[in-house]
Structures are given as C-alpha cells and as structure tokens.
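Visitor:
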Amino acid sequence: MVSKNIISTEFLGLNMASPVVLLSGCVGFGDEYTRLDGFSNGSVGGVVLKGTTLKPRLGNSPHRVIETPSGMLNSIGLQNPGAHEVVNNILPSLEPLETNYIANVSGSTIDEYVEVCRIFDQSSVAAVELNISCPNVKAGGMEFGNDPEMSARVVAACKKATSKPIITKLSPNQADIQRNASLCVEAGSDALSVINTITGMAIDIKTRSAVLGNTAGGLSGPAIKPIALKKVFDVYQITKKHGVPILGQGGVSSAEDAIEFLIVGATTVGVGTALFFDPLICDKINKGISNYLETNNYTSVNNLVGDIAKQQ
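Note that the UniProt record's numbering has the sequence shown beginning at 1, numbered continuously upward.
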C-alpha cells in the first residue's frame with residue numbers, strides 16, 4: 001500500500017504525486033506510455049518529453065541501441081519531428097492526461113536552443129530541460145555540456161527566452177561537474193538534472209567495426225548508478241546553498257536505488273532504462289519508498305532529501 005501523502009513532493013513549484021519522473025528518450029512523447037494498461041498518472045510526478053530540436057531530425061544511422069552488461073548503449077541522435085510539430089500537434093493530445101510534462105530541448109547552436117525555448121514558452125509544458133550534454137550527436141550536445149562557461153551561456157540565453165522553469169542536464173563526461181553546476185545556477189538554472197548518459201562504445205569482433213552507426217553512444221542502466229550517485233552527491237554540495245533542486249538519475253531500477261539518490265540530495269528521481277524491462281516499475285518504486293519512509297519514521301519524502309549520515 002502506497003501512502004500518497006508521504007511520497008508527494010514539490011519540484012519547481014509543481015505538485016508531484018511521486019518523486020519519480022519518467023526520463024527523456026525512454027517514453028517517446030509520453031502518449032503511448034501513459035495509455036499503457038495499468039498506468040496511473042499518480043505513478044509518476046512528471047514525464048520528460050523526447051529531445052526536441054528546432055527542425056525535424058532523422059537521427060543517427062543504425063544500429064542505434066545495443067544491450068550491454070547491466071545496461072545499454074543508445075545512439076538515437078535526437079530523432080524528432082521538430083519543435084513546432086510537438087507544440088502544435090503532440091502536446092494538445094497530452095493535456096487531458098493530467099501530469100507534469102517537461103520539454104527536453106537541444107540544439108547545435110545557442111540560437112537554436114533559444115528559439116526552441118521560445119516555441120515551448122507558448123505551450124502547456126510545465127518546465128524546460130536543456131539537454132546540453134547529449135553524447136550521441138556530433139554538433140552541440142557535449143560541446144556545450146563539457147565546457148562550464150559555454151553551459152552557462154546557453155542557460156543565460158534561454159532564461160531570457162522563456163518564463164518556464166529551466167532545468168539543465170549535466171554531463172558526467174566532464175572534468176569538473178561542480179564548477180559547471182555552480183555556473184549554471186548563477187546563470188539562472190532553476191534545477192539541475194544529474195546525470196546524462198556516459199559516453200561508450202561497442203565493437204563487433206567479427207567485422208572489427210563499431211556496432212553503433214554513430215560509433216559512440218550513451219551508456220545507461222544499472223552499470224552507471226555508482227557514478228551517478230557520486231555526481232549527484234557532488235552537485236548537491238553546490239545546489240543546497242542556493243535551494244536549487246536536483247533531478248537525480250542514472251541506473252535507477254528499484255526502490256532502493258531511488259532512495260539512495262534521495263539520500264545524497266536528489267529531490268526527484270528519474271527512471272529510464274528500467275522501463276524497457278518493466279514498464280510499470282514506477283508503482284513498485286513508489287511502494288518501496290513509501291514503506292521505507294514509514295518504517296524509518298519519516299513523515300515526508302522531502303525529509304529524506306540530502307539526509308546522508310556523516311562519516312564517523
């Protein structure tokens with residue numbers, strides 16, 4: 001039995017029935033998933049939509065996805081129909097589903113990020129996530145996310161273009177994630193997503209060639225959880241001074257995983273790759289979080305955020 005009051009939270013002023021958020025790229029634009037038999041909007045606090053660019057993109061050449069030990073590599077390449085199509089024809093069909101939809105914005109130039117933010121500013125999305133750390137596109141993406149000053153420039157420009165809360169998705173593939181987090185917050189980011197996928201590749205030894213059509217891709221799944229936890233912990237040391245929340249993510253596939261992210265500082269927890277092997281895993285995660293809170297005498301999930309015991 002899930003105690004809905006104990007797991008409900010607030011993120012960027014949005015009321016969320018659960019701290020669990022469905023991550024971008026794992027549920028398309030959300031319409032198919034939210035109509036899945038057994039799904040309830042109360043199962044998640046929000047849905048981050050598929051990465052969207054100014055103009056339509058066909059994405060990368062195949063292969064695009066490959067299973068790896070304890071995870072998967074993906075190299076979709078931001079395939080999407082373009083921002084105008086999403087706002088004009090996709091979002092209206094989602095509005096009756098009554099959950100928090102968050103746009104995921106990408107571009108190859110700062111001007112493109114700004115223009116897509118302007119387009120979404122006139123829509124029903126609750127917030128905008130800036131994907132400045134995509135590891136499987138050749139232009140933009142990591143070029144912005146691995147440079148703290150450039151990351152801050154993207155955030156500052158987009159902040160002027162939209163009244164929506166801005167979430168900046170940070171790359172784990174950089175030298176100093178704390179500096180990047182600090183500069184993004186100073187530039188106006190209202191929240192941070194930590195982390196994006198980790199750059200990786202796979203080789204077909206029969207052909208001695210890269211398996212993915214784009215050569216490299218983003219590694220996700222349980223294999224990256226320890227790295228993601230440490231990155232969230234590090235970023236929380238910066239954001240807690242400013243009251244900026246974190247959407248923690250990276251390998252969450254159980255309630256215990258989600259609880260770990262909350263303890264190290266995440267206000268909300270993203271679930272992505274796990275949906276491919278258990279589409280209704282969010283209900284199980286909610287139940288596990290609820291039971292943990294009640295067993296350990298927490299009155300709210302918010303009290304668990306950042307409540308890591310100090311080392312003796």
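Glycine is no exception: its CB is placed at the ideal position from the N, C-alpha and C atoms.
In the DSSP assignment, find the unbroken beta strand (DSSP E) run with Ala-127 in it and report its ends.
Guide: Start and end: 127-131.
Visitor: Between Asp-37, Leu-12, Gly-13, which has its C-alpha nearest Pro-279's C-alpha?
Guide: Closest option to Pro-279, Cα to Cα, is Asp-37.
Visitor: Shortest alpha-carbon distance to Arg-35 belongs to which of Pro-96, Gly-13, Val-86, Gly-25?
Guide: When only C-alpha atoms are compared, the closest one is Pro-96.
Visitor: Could you check what DSSP says for Lys-50 in three-state terms: helix, strand or coil?
Guide: Lys-50 falls in the strand class under three-state DSSP.
Visitor: Just the Cα atoms here: how many angstroms apart are Ala-156 and Asn-89?
Guide: C-alpha separation (whole angstroms): 29 Å.
Visitor: With a CB to CB cut of under 7 Å and the five nearest residues on each side skipped, what residues in its chain are close to Ser-93?
Guide: Excluding residues within five positions, the ones whose Cβ falls inside 7 Å are Asp-31.
Visitor: In the DSSP assignment, what residue or residues form a beta bridge with Phe-39?
Guide: For Phe-39, which the question treats as bridged, DSSP gives no partner whatsoever.
Visitor: When you compare only the Cα positions, how much space is there between Ile-6 and Thr-299?
Guide: Rounded to whole angstroms, Ile-6 to Thr-299 spans 6 Å at the Cα level.
Visitor: Classify Pro-226 as buried or exposed, calling it buried when 16 or more other Cβ atoms lie within 10 Å of its own Cβ.
Guide: Classification of Pro-226: exposed, given that the 10 Å Cβ count is below 16.
Visitor: State the Cα-Cα distance for the pair Thr-199 and Thr-215, rounded to the nearest angstrom.
Guide: Whole-angstrom Cα-Cα distance: 10 Å.
Visitor: Would you report the Cα separation of Lys-230 and Gln-174, rounded to the nearest angstrom?
Guide: About 14 Å.
Visitor: Look at the Cβ atom of Cys-158, then the Cβ atom of Val-114, and state whether they are nearer than 8 Å.
Guide: Their beta carbons are under 8 Å apart, which means Cys-158 touches Val-114 by this criterion.
Visitor: Quick check: the Cα distance between Ser-3 and Phe-39, rounded to an integer number of angstroms?
Guide: Approximately 17 Å between the Cα atoms of the pair.
Visitor: Classify Thr-109 as helix, strand or coil using the three-state DSSP reduction.
Guide: In this structure, Thr-109 counts as coil in the three-state DSSP scheme.
Visitor: Please report the residue range of the alpha helix (DSSP H) in which Gly-248 lies.
Guide: Premise fails: Gly-248 lies in the beta strand (DSSP E), 246-248, not in any alpha helix (DSSP H).
Visitor: To the nearest angstrom, report how far apart Leu-304 and Ile-263 are at their CA atoms.
Guide: Answer to the nearest angstrom: the Cα atoms are 6 Å apart.
Visitor: What distance in whole Å lies between the Cβ atoms of Ile-166 and Val-128, which are believed to be in contact at a cut-off of 8 Å?
Guide: Contact holds; Cβ gap of about 6 Å.
Visitor: Suppose you measure from the CA of Asp-176 to the CA of Val-235; what does that come to, to the nearest Å?
Guide: Each residue's Cα considered, the two are about 10 Å apart.
Visitor: By DSSP's criteria, Asn-15 is part of a beta bridge. Which residues make up the other side?
Guide: Asn-15 is bridged to Glu-10.
Visitor: What does the alpha-carbon distance come out to for the pair Gln-249 and Ser-133?
Guide: If I take the Cα positions, the gap works out to 14 Å.
Visitor: So Gly-104 and Ser-171 are in contact, right, with Cβ under 8 Å, and what is the actual spacing, rounded?
Guide: A small correction: the amino acid at residue 104 is Asn; Gly does not occupy that position in the sequence shown. Actually they are not in contact, since the Cβ atoms of Asn-104 and Ser-171 sit about 14 Å apart, beyond 8 Å.
Visitor: Between the C-alpha atoms of Gln-312 and Asn-291, what's the straight-line distance to the nearest angstrom?
Guide: Residue placement at Gln-312 is flagged as unreliable, the pLDDT there being 47, under the threshold of 50; the coordinate-derived value follows with that caveat. Rounded to whole angstroms, Gln-312 to Asn-291 spans 28 Å at the Cα level.
Visitor: Report the option in Val-65, Ile-119, Leu-73 whose CA atom is closest to the CA atom of Val-87.
Guide: Minimum Cα distance to Val-87 is reached at Ile-119.
Visitor: Whole-angstrom Cβ separation of Leu-183 and Glu-149, contact assumed at under 8 Å?
Guide: With a Cβ gap of about 7 Å, Leu-183 and Glu-149 count as contacting.
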